[in-house]
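Undergrad: Can you read through this structure? Questions will come right after.
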Amino acid sequence: MGRRVAVIGGGPSGAITAIALKRHGFEPTLYDKVDPFEEVKQAVQKGELVNIQFGETGGTLGILGNGVKALKNLGLLDYVKEFQEDPMVMELNFMYLDGSDRTCRRTLVEEGVQPMHALRSKLHQILVKAANAEGIKLYGGKKLKTLTQTADDVTVEFEDGTQIVADFVVGADGIHSKTRQLIFPDSAKPVLDATGYITIFDLGTYSDGSVVDFNHPEGIYNDPLNGRFIFTAPFGKNQGEAKIFEMNVKKPLDQADDWRPVSDLPKEAAQLADTLQSWGTEPAIVNCVRHAKRITPVNLYDLPDLPSFYKGRVVLVGDAAHGTVPYAAQGLCQAIEDCGTLADLWGHYQDDYKRAFSMYDKIRVPRTRKVVSLARNTGSRLRASNVVQMKFGRFMMKLVFSLMEWFGVEDEITLHNYRDDIRKVIPDIQFK
1 MGRRVAVIGG GPSGAITAIA LKRHGFEPTL YDKVDPFEEV KQAVQKGELV
51 NIQFGETGGT LGILGNGVKA LKNLGLLDYV KEFQEDPMVM ELNFMYLDGS
101 DRTCRRTLVE EGVQPMHALR SKLHQILVKA ANAEGIKLYG GKKLKTLTQT
151 ADDVTVEFED GTQIVADFVV GADGIHSKTR QLIFPDSAKP VLDATGYITI
201 FDLGTYSDGS VVDFNHPEGI YNDPLNGRFI FTAPFGKNQG EAKIFEMNVK
251 KPLDQADDWR PVSDLPKEAA QLADTLQSWG TEPAIVNCVR HAKRITPVNL
301 YDLPDLPSFY KGRVVLVGDA AHGTVPYAAQ GLCQAIEDCG TLADLWGHYQ
351 DDYKRAFSMY DKIRVPRTRK VVSLARNTGS RLRASNVVQM KFGRFMMKLV
401 FSLMEWFGVE DEITLHNYRD DIRKVIPDIQ FK
């Protein structure tokens, strides 16, 4: 069996998949639609600030316990140790938008498994560098056009007219995956759930005397009646972020699907802060946003469930397979679990790729369904059509949090190890 694997998508999930497969004896190559040199050229022509970071940027990504375990299984934990130097606060405060009626959810942490916040752009750079160190090539400006499968291989054609032939294709190209559209043309498209902005800022005292900080380290500020919420968290060395979203929207923000920061930062920061102030947002959060050093417009989508994650010699991972709203903080974690599960199964079955892909489906489809359901249910609780529904929702949330803490209920999502799922169906498997 040939071992050439074309990985479509050079983001974190694509890079992790490529590294994992390389270590199992495969020959992966990464292809990403973004051409950083073309973007620099266009920025110069428009007189805009040049952003030379490859791929998407955005804000932070949460890597909870299950994601940390997955990285450790893959031998990649050392690459992200710098993010663990500033541990994630495992205490999430839920409040109304003005900071009132606070209730706290504490998340269990296993000894030796430290969750973390990772700035997406920095994590991406680390993983691409790691892939390069493994001898994995990455080609930019490769926007997928068609896939043609035969019994023996897959011909991949790109929009620039070039073609390559691979033995297999892994679609790691995100929630708007072209790979998914090509192998499942009748599948439902992602549904818009919310629009908003990710803001990044430095915490501390500024030269003008302004103090930029949170009243609570990690918080979710919510206005259920108007479908608005803000997630705040510190990360790195004295940095913070506020993710601001409106859920009662019908139209996506222009260009937000590219996850590119705004160019007129002072103007956008002032306007966004004024908007938050008009919502009645807690003043400390308004002040943080007013001092933003980066603002990225984003659209949040939810992908209707797929019955399968592969067809023939093409298999999907991450958001391409099960992209959903971020309300469970599991997007990257589930992608890492996908990568690890696929690599372990493929490494075990070797030439029997059909068996490997079938077992991948058997393990990952139900697991991701459970996580996606949690994310959707959490999102639904951030909305309310009337005051009675809003108050009842708050009451139930407090009750559930209290019971979980009282009984010490383990979080089967965040304390999970994907290799336990593999052992259940292949008891004699030997992990590399």
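By UniProt numbering, the letter at position 247 of the sequence shown is numbered 247, and the numbering carries on one by one without gaps. Here a beta-carbon is modelled for each residue, glycine too, at the ideal position from N, C-alpha and C. Just so you know, these numbers come straight off a predicted model, no measurement behind them.
1) Can you look up P304 in the DSSP assignment and give me helix, strand or coil?
2) So, E218 versus V89, is the Cβ gap smaller than 8 Å?
3) Spatial neighbours of Q149 within its chain, please: C-beta separation below 6 Å, excluding the five flanking residues on both sides.
4) Distance, Cα to Cα, E136 vs N215?
5) Could you give the distance in angstroms between the alpha-carbon of A233 and the alpha-carbon of Y79?
6) If I363 and D428 are in contact, beta carbons under 8 Å, what's the gap, nearest whole angstrom?
7) Beta-carbon separation of Y418 and G347 under 8 Å?
8) Does F83 pass the burial test, meaning 16 or more other C-beta atoms within 10 Å, or should it be called exposed?
9) What is the DSSP secondary structure of M116, counted as helix, strand or coil?
10) Cα separation between V156 and R4?
11) Considering residue 440, what are the terminal residues of the beta strand (DSSP E) in which it resides?
12) Do you know how far the Cα of Y206 is from the Cα of I285?
13) Taking the C-alpha atoms as reference points, what is the distance between P297 and N73?
14) Among the candidates L306, M390, V34 and T378, whose CA atom is the shortest distance from the CA of P185?
15) Ignore the nearest five residues each way along the sequence and tell me which others in P252's own chain have a CB closer than 7 Å to its CB.
16) So what does DSSP say about L342, is it helix, strand or coil?
17) Leaving out five residues before and five after F94 in sequence, what residues of the same chain have Cβ atoms less than 6 Å from its Cβ?
18) Identify whether N222 lies in helix, strand or coil by the three-state DSSP scheme.
19) Under the assumption that Y327 contacts T378 (Cβ atoms under 8 Å), give the Cβ distance between them as a whole number of angstroms.
20) Are the segment 256-269 and the segment 314-334 touching by the rule of at least three beta carbon pairs closer than 8 Å?
21) What's the call for A292, buried or exposed, on a 16-neighbour Cβ count within 10 Å?
TA: So, from the data block:
1) Here residue 304 refers to the residue found at position 304 of the sequence shown. Here P304 sits in coil by DSSP.
2) Taking the sequence shown and counting its residues from 1, one reaches residue 218 at position 218. Taking the sequence shown and counting its residues from 1, one reaches residue 89 at position 89. Against a cut-off of 8 Å, the Cβ pair of V89 and E218 comes out as a contact.
3) Looking up residue 149 in the sequence shown gives position 149. Cβ within range, chain order: G312 and R313.
4) Mapped onto the sequence shown, residue 136 falls at position 136. Mapped onto the sequence shown, residue 215 falls at position 215. Checking the displayed sequence, the identity of residue 136 turns out to be Ile instead of Glu. Answer to the nearest angstrom: the Cα atoms are 45 Å apart.
5) Locating residue 233 in the sequence shown gives position 233, counting from the first residue. Locating residue 79 in the sequence shown gives position 79, counting from the first residue. Each residue's alpha carbon lies about 22 Å from the other.
6) What you label residue 363 is simply residue 363 of the sequence shown in a count that begins at 1. What you label residue 428 is simply residue 428 of the sequence shown in a count that begins at 1. The Cβ separation is near 16 Å, so there is no contact.
7) Taking the sequence shown and counting its residues from 1, the one referred to as residue 418 is at position 418. Taking the sequence shown and counting its residues from 1, the one referred to as residue 347 is at position 347. No, the Cβ-Cβ distance between Y418 and G347 is not below 8 Å.
8) The sequence position of residue 83 within the sequence shown is 83, counting from 1. Classified as buried, F83 has 16 or more neighbouring CB atoms from the shown chains inside 10 Å of its CB.
9) The residue labelled residue 116 in the question sits at position 116 within the sequence shown. DSSP places M116 in strand when its eight states are reduced to three.
10) One-based indexing of the sequence shown puts residue 156 at position 156. One-based indexing of the sequence shown puts residue 4 at position 4. Going by the C-alpha atoms only, they are around 12 Å apart.
11) Since the first and last residues shown for the chain are 1 and 432, residue 440 lies out of range.
12) Translated into positions along the sequence shown, residue 285 becomes position 285. Translated into positions along the sequence shown, residue 206 becomes position 206. Cα-Cα distance, rounded: 15 Å.
13) Translated into positions along the sequence shown, residue 297 becomes position 297. Translated into positions along the sequence shown, residue 73 becomes position 73. Spanning the two alpha carbons is a distance of roughly 34 Å.
14) Locating residue 185 in the sequence shown gives position 185, where the first residue counts as 1. For the residues L306, M390, V34 and T378, the minimum Cα distance to P185 belongs to L306.
15) In the sequence shown, counting from the first residue as 1, residue 252 sits at position 252. The residues are L192, T195 and N299.
16) On the sequence shown, position 342 is the one that residue 342 refers to. Helix, per DSSP.
17) Counted from its first residue, the sequence shown places residue 94 at position 94. T103 and I220.
18) On the sequence shown, position 222 is the one that residue 222 refers to. Secondary structure of N222 (DSSP, three-state): strand.
19) As a working mapping, residue 327 is identified with position 327 in the sequence shown. As a working mapping, residue 378 is identified with position 378 in the sequence shown. Between T378 and Y327 the Cβ distance is about 4 Å, and since that is below 8 Å, they are a contact.
20) Per the Cβ contact rule, the segment 256-269 is not in contact with the segment 314-334 (fewer than 3 Cβ pairs under 8 Å).
21) By 1-based counting over the sequence shown, the position of residue 292 is 292. Buried is the call here.
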